[in-house]
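So for the sequence shown, the numbering used here puts the first residue at 2; every next one is plus one.
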Amino acid sequence: MDASNQTQLLLCALRHFGIAVEQRKEQEFLLPGEVQITIEPDGAFYLHRNGQALGRFSDVVRLCTTLQEKAMLENQ
Numbered sequence: 002m003d004a005s006n007q008t009q010l011l012l013c014a015l016r017h018f019g020i021a022v023e024q025r026k027e028q029e030f031l032l033p034g035e036v037q038i039t040i041e042p043d044g045a046f047y048l049h050r051n052g053q054a055l056g057r058f059s060d061v062v063r064l065c066t067t068l069q070e071k072a073m074l075e076n077q
């Protein structure tokens with residue numbers, strides 16, 4: 002899948018899961034809590050915060066559920 006399709010897929014999934022995007026620059030998406038998603042050239046989603054890797058995902062649904070789980074843990 003090309004980068005534009007991956008971008009649209011990610012935006013649609015984030016919207017579906019109710020995850021806000023604070024800022025977007027090309028293939029980089031900044032989320033609340035300084036969490037960032039970068040779409041890599043191979044189409045994978047790289048999740049990181051403050052330069053620390055949180056995971057690499059090929060499945061956008063798994064990425065979004067991981068984001069929700071991490072947000073729930075931080076709010077407890």
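Note that CB positions come from ideal geometry on N, CA and C, so glycine has one too. Because the structure is a prediction, the values reported are computed rather than measured.
Alpha carbon of Phe-46 to alpha carbon of Arg-63, nearest angstrom: Locating residue 46 in the sequence shown gives position 45, counting from the first residue. Locating residue 63 in the sequence shown gives position 62, counting from the first residue. If you take the alpha carbons of Phe-46 and Arg-63, they lie about 10 Å apart.
I need the boundaries of the beta strand (DSSP E) containing Ala-54, first residue and last residue. Position 53 of the sequence shown holds residue 54. 53-58 is the span of the beta strand (DSSP E), which, as asked, contains Ala-54.
According to DSSP, residues forming a beta bridge with Val-61: Start at 1 with the first residue of the sequence shown, and residue 61 comes out as number 60. Its beta-bridge partners do not exist; DSSP assigns none.
So Arg-57 and Gln-37 are supposed to be a Cβ contact under 8 Å. How far apart are they, rounded? The count along the sequence shown starts at 1 and reaches residue 57 at position 56. The count along the sequence shown starts at 1 and reaches residue 37 at position 36. Not a contact, Cβ separation roughly 13 Å.
By the DSSP assignment, the beta strand (DSSP E) with Glu-35 in it spans what residues? The residue you call residue 35 lines up with position 34 of the sequence shown. Where Glu-35 is concerned, there is no enclosing beta strand (DSSP E), given that its DSSP letter is neither H nor E.
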